[in-house]
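Asks: Position one of the sequence shown corresponds to residue 6 (the working numbering), numbered consecutively onward.
Quick one: the structure is below, questions incoming.
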Amino acid sequence: MLQALLETLDRDARQRNDWGQVASYIPELASIDPAQFAISVCTVDGQEYHAGDVQVPFSIQSVSKVFTLALALGRLGGRLWERVGREPSGRAFNSIVQLEREQGIPRNPFINAGAIVTTDAVLGQRAPRETLGEILSFLREAADDSDVHINEYVARSEQRTGDRNYALAHFLRSCGNLHNDCDRALGTYFHHCAIEMTTVQLARAARFLCGGFRGHRMIGIERVRSINALMMTCGHYDGSGEFAYRVGFPGKSGVGGGIMAVVPNVASIAVWSPGLDQYGNSKQGTKALESLSKATGWSVF
Ligand code: DON
């Protein structure tokens with residue numbers, strides 16, 4: 006039944022033919038064909054279901070912030086919350102204005118400023134290469150797949166056009182909330198955003214946030230709950246309320262068009278369609294998750 010449903014979602018997305026706009030501020034992503042769609046679901050009883058362009062790797066972008074958050078919490082524990090908040094921002098993912106008003110403490114770990122801080126925390130005093138190795142190892146272990154890599158062209162493309170993230174990083178540093186220099190912190194940040202995965206790999210990687218999967222307890226249940234709470238309230242930036250209303254379970258989006266979502270104790274999900282809505286979240290990906298939750302009754306509410 007689930008397989009047939011995913012195939013219907015794939016067909017519906019293609020029939021609507023209303024893909025949204027691909028992210029153009031990262032030149033390497035601007036040339037991607039928006040007319041693509043993939044969805045993968047792993048259920049806690051060990052079954053997997055896939056439909057659409059599930060073998061095409063895409064840039065996970067801000068979805069990577071979930072994994073850096075898990076690692077930052079592992080390193081700093083509760084002290085991380087002295088440097089970054091846990092409230093929705095109600096603003097765009099790359100907004101600058103709130104950061105000055107709030108003395109360089111980003112609202113949450115998923116807006117760019119917050120993710121630059123968590124990246125800085127994971128870096129500590131280590132080399133970026135070692136830190137990126139740790140992030141990749143975590144992802145590969147979570148996905149049970151060693152074929153997860155960084156796309157250097159995407160990382161460099163964003164570095165070249167990353168003036169806004171540089172502005173955020175410099176401001177954070179002026180407030181004492183960035184311990185590494187801006188190039189080091191941002192170099193690491195751009196590279197983990199440039200990790201590529203398929204929906205098959207990403208749905209498998211999300212199992213550690215789901216509970217109920219055997220052998221995927223990579224972090225404690227309390228931390229799983231904290232991360233899911235943040236995905237629910239902040240995972241879609243100024244579209245987070247709308248996502249909670251329409252979909253009803255935690256999810257994290259990226260400007261590459263991916264969304265990783267979790268139905269606690271039931272299933273982990275990845276959907277990808279590169280065209281975005283006005284908030285920078287996948288247009289057909291969100292629509293498909295909304296239809297999936299309606300058809301299955303999956304919801305945390
Ligand atoms: O820093 C950026 O702007 C990108 N590397 C990530 C932004 C992103 O994915 C926002 N998500 N919807």
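Where is the CB? At the ideal position from N, CA and C, for every residue including glycine.
Every value quoted in this text rests on a predicted model; they were computed, and no experiment measured them.
Helix, strand or coil: which one does DSSP assign to V153?
Replies: coil
Asks: Taking a contact to mean a Cβ-Cβ separation below 8 angstroms, would you say I116 touches G261 in this structure?
Replies: no
Asks: Once you ignore the five residues that flank A190 on each side, which residues in its own chain have a CB closer than 7 angstroms to its CB?
Replies: Only I121, T124, D125, L128, A174 and L183 meet the Cβ criterion.
Asks: Is L183 helix, strand or coil when you go by DSSP?
Replies: coil
Asks: For the ligand DON, which residues count as neighbours when the test is a C-beta closer than 6 angstroms to any heavy atom?
Replies: Q66, S67, F98, N99, N117, E163, N170, C198, S258, G259, V260, G285 and N286
Asks: In chain order, which continuous runs of the alpha helix (DSSP H) of length 4 or greater are located wholly inside the region 14-67?
Replies: 32-35
Asks: Rounding to the nearest angstrom, what Cα-Cα distance links R91 and A18 in this structure?
Replies: 33 angstroms
Asks: For M265, name the three-state secondary structure that DSSP assigns.
Replies: In the three-state DSSP reduction, M265 falls in the strand class (E or B).
Asks: State the Cα-Cα distance for the pair S231 and N270, rounded to the nearest angstrom.
Replies: 15 angstroms
Asks: Look at the alpha carbon of R161 and the alpha carbon of R131, and state the distance between them as a whole number of angstroms.
Replies: 21 angstroms
Asks: If you reduce the DSSP assignment to three classes, tell me which class M202 lands in.
Replies: strand
Asks: Looking only at C-alpha atoms, which of L14, E53 and Q8 sits nearest to R292?
Replies: Going by the sequence as given, residue 292 is Lys instead of Arg. Ranking the options by Cα distance to K292, first place goes to L14.
Asks: With distances taken Cα to Cα, identify the nearest neighbour of S151 among G138, Y158, E163 and E157.
Replies: G138
Asks: Alpha carbon to alpha carbon, how far is V159 from S166? Give it in angstroms, no decimals.
Replies: Here residue 166 turns out to be Thr, not Ser, going by the sequence shown. Roughly 11 angstroms separates the two Cα atoms.
Asks: Under 6 angstroms Cβ to Cβ from E227, same chain only, skipping five residues before and after it: list those, please.
Replies: none
Asks: For V276, does the three-state DSSP call read helix, strand or coil?
Replies: strand
Asks: Take the Cβ of G83 as the centre, count every other Cβ of all protein chains shown within 10 Å, and call the residue buried at 16 or more, exposed below.
Replies: Label assigned to G83: exposed.
Asks: Output needed for P32: all residues of its chain with C-beta closer than 6 angstroms, excluding positions within five of it in sequence on either side, in chain order.
Replies: For P32, where only same-chain residues beyond five positions count, the Cβ hits under 6 angstroms are S162.
Asks: Can you tell which of R88, F42 and C198 has its C-alpha closest to the C-alpha of G25?
Replies: F42
Asks: Here's the rule: buried if 16 or more other CB atoms are within 10 angstroms of the residue's CB, otherwise exposed. What is S311?
Replies: Residue 311 falls outside the range modelled here, since the chain spans only 6 to 306, and no answer is possible.
Asks: Using a Cβ-Cβ distance cut-off of 8 angstroms, determine whether A249 contacts chain D.
Replies: You won't find chain D in this structure, because it holds only one protein chain.
Asks: From N185 to V61, what does the alpha carbon distance come to, in whole angstroms?
Replies: 35 angstroms
Asks: Can you tell me whether DSSP reads S296 as helix, strand or coil?
Replies: helix
Asks: If we call anything under 8 angstroms between Cβ atoms a contact, is T73 one with H197?
Replies: yes
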